[in-house]
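I have placed the structure first, in the form of structure tokens, so that the comments after it can refer back to it.
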Amino acid sequence: VIPHEMGTGGGLATVVFMLLSEPYWDHHIPLPKLGPLHSRLVTAFVALICFINSYDGDFVFDDSEAIINNKDLNPDTPLSNIWKNDFWGSNLNSNSSYKSYRPLTVLTFRINYLLAGGLHPIGFHVLNIALHCVISVLMIDVFAILIGGLVHDGRGVKLNLSPKASFLAALFFAAHPVHTESVAGIVGRADLLCALFFQLSFMVYCKAFQGGDKKFSVLWIFSSILLCAVAMLCKEQGITVLVSENMYHLRELQIGGLVSSGLLMRLALLFLGGSFLLYARWRIMGTGPPSFTEVDNPASFAENVILRIVNYNYYYSLNAWLLLCPWWLCFDWSMGCVPLIKSATDWRIVWPLLLWCCLMGLVYQALCSQDSNKRRTLTFGLVLLVIPFLPASNLFFRVGFVIAERVLYISSAGYCLILAYTVGYCSCNWKKHKVSAATLTLLCVNVARSAQRSQHWRSEQSLFTSALSVCPLNAKVHYNVGKNLADRGNQSAAIKYYREAVRLHPKYVHAMNNLGNILKERNELKEAEELLSSAVHIQPDFAAAWMNLGIVQNSLKKFDEAEQSYWNAIRFRKKYPDCYYNLGRLYADLNRSIDALNTWRNATMLKPDHSLAWNNMVILLDNTGNLAQAELIGKEALKILPKDHTIMFSLANVLGKQEKYKESEGFFLNALKINPNVASCHGNLAVLYHRWGKLDLAKRHYELSLRLDPSAPGTKENYNMLKRKLKQRQRTVG
1 VIPHEMGTGG
11 GLATVVFMLL
21 SEPYWDHHIP
31 LPKLGPLHSR
41 LVTAFVALIC
51 FINSYDGDFV
61 FDDSEAIINN
71 KDLNPDTPLS
81 NIWKNDFWGS
91 NLNSNSSYKS
101 YRPLTVLTFR
111 INYLLAGGLH
121 PIGFHVLNIA
131 LHCVISVLMI
141 DVFAILIGGL
151 VHDGRGVKLN
161 LSPKASFLAA
171 LFFAAHPVHT
181 ESVAGIVGRA
191 DLLCALFFQL
201 SFMVYCKAFQ
211 GGDKKFSVLW
221 IFSSILLCAV
231 AMLCKEQGIT
241 VLVSENMYHL
251 RELQIGGLVS
261 SGLLMRLALL
271 FLGGSFLLYA
281 RWRIMGTGPP
291 SFTEVDNPAS
301 FAENVILRIV
311 NYNYYYSLNA
321 WLLLCPWWLC
331 FDWSMGCVPL
341 IKSATDWRIV
351 WPLLLWCCLM
361 GLVYQALCSQ
371 DSNKRRTLTF
381 GLVLLVIPFL
391 PASNLFFRVG
401 FVIAERVLYI
411 SSAGYCLILA
421 YTVGYCSCNW
431 KKHKVSAATL
441 TLLCVNVARS
451 AQRSQHWRSE
461 QSLFTSALSV
471 CPLNAKVHYN
481 VGKNLADRGN
491 QSAAIKYYRE
501 AVRLHPKYVH
511 AMNNLGNILK
521 ERNELKEAEE
531 LLSSAVHIQP
541 DFAAAWMNLG
551 IVQNSLKKFD
561 EAEQSYWNAI
571 RFRKKYPDCY
581 YNLGRLYADL
591 NRSIDALNTW
601 RNATMLKPDH
611 SLAWNNMVIL
621 LDNTGNLAQA
631 ELIGKEALKI
641 LPKDHTIMFS
651 LANVLGKQEK
661 YKESEGFFLN
671 ALKINPNVAS
681 CHGNLAVLYH
691 RWGKLDLAKR
701 HYELSLRLDP
711 SAPGTKENYN
721 MLKRKLKQRQ
731 RTVG
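Numbered per UniProt numbering, the sequence shown spans residues 1 to 734.
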């Protein structure tokens, strides 16, 4: 404790803990000295303008799996499922699960879904932007503690001895473009929530020492561990806050030079808490760590240990470069985007060497500098830079990516702290107006780049296209551009990108599958068959490719091969209603009516709202003369799909053939209420009225049918027959 002199006015003494001296370089920071409220408002405003243009963006990239296709967001799904499934909605015990256990993040998605009344992306984006603003504001307090220590006045109010430095570091953090993926991409919510509770855990931990080093509060320390657990339930990276708190006290030991019993007690509590959380996390993983492929992380599959180490370090250098120069940003860095270093003659080996030279220089200054402020700031900057990155470093386990910008969200705070110190140091030793201009330019460039990058994240088209110039060797980039083009109906352009994806990665089975589907629709069946056959040869358990191969073989009249392909698909995916539906179509083509009905029934059992399977059952029973059974199936289907106009149409035809004209009319009219522009429905209703003797109504619906489709088969002939009958009736009446 370092008491300050009391003023003549008899004011309260200031009490300072864990403080060497006020950071002298803070006064030289080229920023105006704002009050706590104003500095927070400015930081929040900068964070807001960087990413506000993403507020009305679409669901993009991983959002489709984590949000759109994730049944755990649906209010009809039991809430307990979020505690049993991973981030993507898969059961944690499944071998296909990535083991990313983030139930609290999924819970916030579910709340967004409930508040918006469905999958409307605006609410999701707005919350992400708000979280980034809050985190950026809280960074002022975190940086103040790391730079100036824990300082309280006599009333217990925390003081900020580095207002300019902490403000500048928070501005750098708020505007860093590498955060775009976490803020503008909705799945980045996991990183935002993790960072928020990381901060809260650290600040609550520091609150434990408000009464002094020897009177620390065990309750606050347990609260910090609890908040760490919450951070882990948002994203696994949250555990690193306990390591950071341990490093905070090791720095205290470096300053004080003595090991107190209180310090040992705190370290023991953090160690026990962290060990318990890690054990609980391991138990939750169930079947063990996730399995990834060579495509996800090629360096981790290199046979030579030296090559693995070299490439890991090259990845680290690329992450560092994204912090230093966040211009080359990409939504995905796998599949050839970063070719492996395989030889000592590869010039890229310079970058890991340069990275370690810089790190060693910083470590030396953090440990050996005569300037205690420099030692403190650089130490905590390095801790915050390195420790949160460790789970993504491949040191403890294999990760499923090469580079992921989102994992730098917390680590970037350490970089921003070191950068703020650098600005302060330069201001002390160089011409201040030049440093001011350089700092302002850097902030403006970062704000502009963040705004530009968040614009890319507004839609999949702009996001995927922006990656072509950054990672032209990435097969997944070409695949996603092709998929986006195909979804928008531009199949010709999609083919070009799918072909390039397959060229870059000849074993890219998903690109082969999608390309095969497009070629099938364009009736280029031979090439489609070759591509799909290659896909299932490379990945024999690729159920979707087996089914698509069956469809192509069916079109080529290779019925035996098609049947076998369908059964292979079902063997690898037991619950595959679409495959049962297509298999039923094959059986119908082969006049195996009973087999067709059985497979379509299987499809409806697996997927009760499978409209096509229900409708085909009604049509097949109608065509085979089983009208009573067709009626039962149609009415059963409408109990599940009460607004399906196609089933109403088919059922109305069945009832009409049974001369149940009134009931048939009702289903026809209901179908036309839902979709009034179906020529065949008007035509068949006209036939019903024609048979029923309601000739004027028949005439009206024949005319409506021909107006919608002048070439409707049979309708013109029936209409002419009706006109002759009407003329004959008129003559008879006359």
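Virtual Cβ for every residue (Gly too), placed ideally from N, Cα, C.
#1: Under the DSSP definition of a beta bridge, which residues are partnered with Asn91?
#2: What is the DSSP secondary structure of Gln491, counted as helix, strand or coil?
#3: What are the boundary residues of the alpha helix (DSSP H) that includes Met605?
#4: Leaving out the 5 sequence neighbours to the left and right, which residues in its chain are closer than 7 Å to Lys725 when beta-carbon positions are compared?
#5: Rounded to whole angstroms, how far is the Cβ of Ser412 from the Cβ of Leu323, which I believe are closer than 8 Å?
#6: Pick out whichever of Ala165, Lys575, Ser533 and Tyr719 has its Cα sitting closest to the Cα of Ala562.
#7: With H, G and I counted as helix, E and B as strand and the rest as coil, what does DSSP make of Ala712?
#8: Using the Cα positions of Tyr314 and Phe389, report the straight-line distance between them to the nearest angstrom.
#9: Contact check, Leu48 vs Thr180 under 8 Å by CB: the rounded distance?
#10: Output the distance between the C-alpha atoms of Ala268 and Ser565, rounded to the nearest integer angstrom.
#11: To which residues of the same chain is Tyr580 closer than 6 Å at the C-beta, ignoring the five residues directly before and after it?
#12: Let's see if you can read the secondary structure: which residues bound the alpha helix (DSSP H) around Gly188?
#13: For the alpha helix (DSSP H) holding Trp347, just list the boundary residues, first then last.
#14: Determine the direct distance from the alpha carbon of Cys234 to that of Met285, and round the result to whole angstroms.
#15: Beta carbon of Val137, beta carbon of Ala195: below 8 Å?
#16: Only counting runs of 4 or more residues, tell me where the alpha helix (DSSP H) segments fall wholly within the segment 438-470, in order along the chain.
#17: Thinking C-alpha only, which one of Ser711, Leu385 and Val363 is nearest Arg375?
#18: According to DSSP, is Val399 part of a helix, a strand, or is it coil?
#19: In three-state terms, what does DSSP make of Leu704?
#20: Figure out for me which residue from Phe198, Glu236 and Met247 has the closest Cα to the Cα of Ser224.
#21: Can you tell which of Tyr248, Phe396 and Ile309 has the C-alpha that lies nearest to the C-alpha of Gln237?
#22: In whole angstroms, what separates the C-alpha of Phe380 from that of Leu242?
#23: Mind reading off the beta-carbon distance from Tyr279 to Glu245? Whole number of angstroms is fine, and I expect it under 8 Å.
#24: Can you list, in chain order, the residues of its chain with a C-beta nearer than 8 Å to that of Trp83? Leave out the 5 residues immediately preceding and following it.
#25: Kindly indicate if chain D contains any beta-carbon less than 8 Å away from that of Cys133.
#26: Could you check what DSSP says for Lys727 in three-state terms: helix, strand or coil?
#27: Can you find the residues in the same chain that come closer than 8 Å, C-beta to C-beta, to Val126, ignoring five residues on each side of it along the sequence?
#28: Please identify the residue among His610, Gln658 and Gly361 whose C-alpha is closest to the C-alpha of Pro577.
#29: What number of angstroms, rounded off, separates the C-alpha of Asn677 from the C-alpha of His701?
#30: Quick one: grab the DSSP three-state call for Asp332.
#31: Using the rule of at least 16 other Cβ atoms within 10 Å of the residue's Cβ for burial, across every protein chain shown, is Ile122 buried or exposed?
#32: Let's test the definition: count the other Cβ atoms within 10 Å of the Cβ of Asn548 and tell me whether it reaches 16, buried, or not, exposed.
#33: Work out the CA separation of Arg503 and Lys483 for me, nearest whole Å.
#34: Using C-beta distances below 6 Å, list every residue in its chain close to Gln629, excluding the 5 sequence neighbours before and after it, in chain order.
#35: So is Pro30 buried or exposed if we call it buried at 16+ other beta carbons inside 10 Å?
#36: Check whether the Cβ atoms of Ala475 and Ile518 lie closer than 8 Å to each other.
Taking the geometry as given:
#1: Locating residue 91 in the sequence shown gives position 91, where the first residue counts as 1. The partner list for Asn91 (beta bridge, DSSP) reads Asn85.
#2: On the sequence shown, residue 491 is found 491 positions in, with the first residue counted as 1. Residue state, collapsed to three classes: helix.
#3: Numbered from 1 along the sequence shown, position 605 holds the residue referred to as residue 605. From DSSP, the alpha helix (DSSP H) with Met605 extends over Ser593 to Leu606.
#4: As a first step, residue 725 is located in the sequence shown; it is residue number 725 there, counting from the start. Hits under 7 Å: Leu695.
#5: Residue mapping note: residue 412 aligns to position 412 of the sequence shown, counting from 1. Residue mapping note: residue 323 aligns to position 323 of the sequence shown, counting from 1. Indeed they touch by this definition, with Cβ atoms about 6 Å apart.
#6: As a first step, residue 562 must be located in the sequence shown, where it is residue number 562. Nearest to Ala562 by alpha-carbon distance, out of Ala165, Lys575, Ser533 and Tyr719, is Ser533.
#7: In the sequence shown, counting from the first residue as 1, residue 712 sits at position 712. In this structure, Ala712 counts as coil in the three-state DSSP scheme.
#8: Here residue 314 refers to the residue found at position 314 of the sequence shown. Here residue 389 refers to the residue found at position 389 of the sequence shown. Whole-angstrom Cα-Cα distance: 15 Å.
#9: Start at 1 with the first residue of the sequence shown, and residue 48 comes out as number 48. Start at 1 with the first residue of the sequence shown, and residue 180 comes out as number 180. That belief does not hold up - the Cβ atoms of Leu48 and Thr180 are roughly 14 Å apart, past 8 Å.
#10: Numbered from 1 along the sequence shown, position 268 holds the residue referred to as residue 268. Numbered from 1 along the sequence shown, position 565 holds the residue referred to as residue 565. Roughly 60 Å between the two C-alpha positions.
#11: On the sequence shown, residue 580 is found 580 positions in, with the first residue counted as 1. The residues are Thr599, Asn602 and Ala603.
#12: Taking the first residue of the sequence shown as 1, we reach residue 188 at position 188. Counting along the chain, Gly188 falls outside any alpha helix (DSSP H), and DSSP gives it neither H nor E.
#13: Here the question's residue 347 lines up with position 347 in the sequence shown. Counting along the chain, Trp347 falls outside any alpha helix (DSSP H), and DSSP gives it neither H nor E.
#14: Taking the sequence shown and counting its residues from 1, one reaches residue 285 at position 285. Taking the sequence shown and counting its residues from 1, one reaches residue 234 at position 234. In a straight line, the C-alpha of Met285 is about 15 Å away from that of Cys234.
#15: Reading the sequence shown from its first residue, position 137 is the one you call residue 137. Reading the sequence shown from its first residue, position 195 is the one you call residue 195. No.
#16: 460-467
#17: Residue 375 sits at position 375 when you count from the first residue of the sequence shown. Nearest of Ser711, Leu385 and Val363 to Arg375, Cα basis: Val363.
#18: For the purposes of this step, residue 399 is taken as the residue at position 399 of the sequence shown. Of the three classes helix, strand and coil, the one that applies to Val399 here is coil, per DSSP.
#19: Residue 704 sits at position 704 when you count from the first residue of the sequence shown. Note: Leu704 maps to helix in three-state DSSP.
#20: As a first step, residue 224 must be located in the sequence shown, where it is residue number 224. Ranked by Cα distance from Ser224, the options Phe198, Glu236 and Met247 are led by Phe198.
#21: Sequence index remark: in the sequence shown, residue 237 carries index 237 (1-based). Of the listed residues, the one whose Cα sits closest to Gln237 is Phe396.
#22: Sequence index remark: in the sequence shown, residue 380 carries index 380 (1-based). Sequence index remark: in the sequence shown, residue 242 carries index 242 (1-based). In this structure, the alpha-carbon of Phe380 lies about 14 Å from that of Leu242.
#23: Locating residue 279 in the sequence shown gives position 279, counting from the first residue. Locating residue 245 in the sequence shown gives position 245, counting from the first residue. 19 Å between Cβ atoms; not a contact.
#24: By one-based count along the sequence shown, residue 83 stands at place 83. Around Trp83: Pro103.
#25: No chain D is present in this structure, which holds just one protein chain.
#26: In the sequence shown, residue 727 corresponds to position 727, counting from 1. Three-state DSSP puts Lys727 in a helix.
#27: The residue given as residue 126 occupies position 126 in the sequence shown. Same-chain partners within the cutoff: Tyr55.
#28: For the purposes of this step, residue 577 is taken as residue 577 along the sequence shown, with counting starting at 1. The shortest C-alpha separation from Pro577 is found at His610.
#29: In the sequence shown, the residue the question calls residue 677 occupies position 677. In the sequence shown, the residue the question calls residue 701 occupies position 701. Straight-line Cα distance between these residues: approximately 11 Å.
#30: For the purposes of this step, residue 332 is taken as residue 332 along the sequence shown, with counting starting at 1. Three-state result, Asp332: coil.
#31: Here residue 122 refers to the residue found at position 122 when the sequence shown is read from its first residue. Exposed.
#32: Taking the sequence shown and counting its residues from 1, one reaches residue 548 at position 548. The residue is buried, with at least 16 neighbouring Cβ atoms inside 10 Å.
#33: As a first step, residue 483 must be located in the sequence shown, where it is residue number 483. As a first step, residue 503 must be located in the sequence shown, where it is residue number 503. Roughly 16 Å separates the two Cα atoms.
#34: Within the sequence shown, residue 629 is the residue found at index 629, counting from 1. So the qualifying residues of the chain are Leu621.
#35: Position 30 of the sequence shown holds residue 30. When all chains shown are included, Pro30 counts as buried.
#36: Position 475 of the sequence shown holds residue 475. Position 518 of the sequence shown holds residue 518. Contact: no.
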